[in-house]
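Using the working numbering, the first residue of the sequence shown is number 137, and each one after it goes up by one.
Where is the CB? At the ideal position from N, CA and C, for every residue including glycine.
Here the structure is a predicted model, which means the values were calculated and not measured.
Inspection log for the structure reproduced underneath, given as structure tokens.
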Amino acid sequence: MGSIKSKKQTRNFNNLSSFQWLVVCSDELLLNLIDYCRWLVYETNTQWERGRDKIETEPEK
137 MGSIKSKKQT RNFNNLSSFQ WLVVCSDELL LNLIDYCRWL VYETNTQWER GRDKIETEPE
197 K
């Protein structure tokens, strides 16, 4: 927190209007959300594929 960089960024945020600040923040959140969704879909597909392979390889009783 004590680094010059973080102080500079905070000052820049203070210079932005509330609306601009909101846009910047929501932009960041949106990108994080998209990344999370991509990861979630990938994980779900991987789990599903594994589950399906498991079912197919199990011998029928």
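Cβ shell of residue i (< 6 Å), same chain only, five flanking positions each side left out
{"i": "E185", "result": "none"}
{"i": "G187", "result": "none"}
{"i": "L176", "result": "none"}
Own chain, CB closer than 7 Å to residue i, minus 5 neighbours either side, in chain order
{"i": "M137", "result": "Legend: pLDDT at M137 = 43, less than 50; position of this residue unreliable, no value from coordinates given."}
Beta-carbon proximity list for residue i, same chain, < 8 Å, skipping 5 on both sides
{"i": "D171", "result": "none"}
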